[in-house]
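Peer 1: This is the structure, below, for whatever I ask next.
Numbering (the numbering used here), first residue to last: 11 to 203.
In structure tokens:
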């Protein structure tokens with residue numbers, strides 16, 4: 011099946027620069043390879059700038075995976091300059107606050123996704139910590155520390171996130187509930203023709 015995209019109907023990012031922070035080249039990364047701070051939760055709008063930036067530094071992006079808890083729509087294919095990036099999702103296998111980026115050469119980047127609602131100071135802290143080779147904290151853990159576990163003035167309210175956000179699971183039942191919410195959301199999305 012072939013999907014045709016008309017440039018007049020394909021969304022264009024308001025700002026073509028990606029807000030991206032990566033672990034320096036030649037340094038073994040910590041738990042994450044860096045961070046990405048998108049301007050919205052629209053992958054069609056946000057991914058082209060990220061892919062263009064990573065293409066230049068690291069090789070052509072061919073595929074991404076995300077957790078649907080933080081992305082309301084995950085299209086299977088996303089047009090970027092000169093090629094298409096295939097998108098997939100995992101509910102329990104991938105931290106809900108990460109994006110995994112795969113290149114043509116078999117490489118993978120695990121990036122913290124800084125929520126778009128985060129203020130500039132908080133985003134800068136999160137991006138620096140995620141790109142630090144000394145980082146040993148998972149993405150959800152970094153966000154929980156940044157928001158103080160429940161949000162604080164100037165750092166963005168916890169209620170601004172989707173229901174499963176920021177706080178780590180409080181037990182086995184909580185993880186299962188979050189996965190079920192993500193599955194029910196995904197089931198309601200239209201199936202591509």
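Ideal Cβ positions, reconstructed from N, Cα and C, are used throughout, including at glycine.
Relative to the alpha-carbon of residue 79, which residue among 47, 151, 101, 45 has its alpha-carbon at the smallest distance?
Peer 2: Proximity to residue 79 across 47, 151, 101, 45 peaks at 101, based on C-alpha coordinates.
Peer 1: Can you say whether residue 129 is buried or exposed, counting buried as having 16 or more other CB atoms within 10 angstroms of its CB?
Peer 2: exposed
Peer 1: Please check the pair residue 123 and residue 95, which I expect to be a contact at CB under 8 Å, by giving their CB distance rounded to whole angstroms.
Peer 2: So it is not a contact: roughly 16 Å between Cβ atoms.
Peer 1: List the residues that DSSP assigns as beta-bridge partners of residue 88.
Peer 2: Under DSSP, the beta-bridge partners assigned to residue 88 are 95.
Peer 1: With DSSP collapsed to three states, give me the class of residue 160.
Peer 2: Reliability of the predicted coordinates at residue 160 is poor, the pLDDT of 45 falling under 50, and the value obtained from them is presented with this limitation in mind. Taken through DSSP and simplified to helix, strand or coil, residue 160 comes out as coil.
Peer 1: Along the beta strand (DSSP E) that carries residue 123, what are the first and last residues, could you check?
Peer 2: 118 to 123
Peer 1: Start and end of the beta strand (DSSP E) containing residue 45?
Peer 2: 44 to 46
Peer 1: Beta carbon of residue 114, beta carbon of residue 69: below 8 Å?
Peer 2: yes
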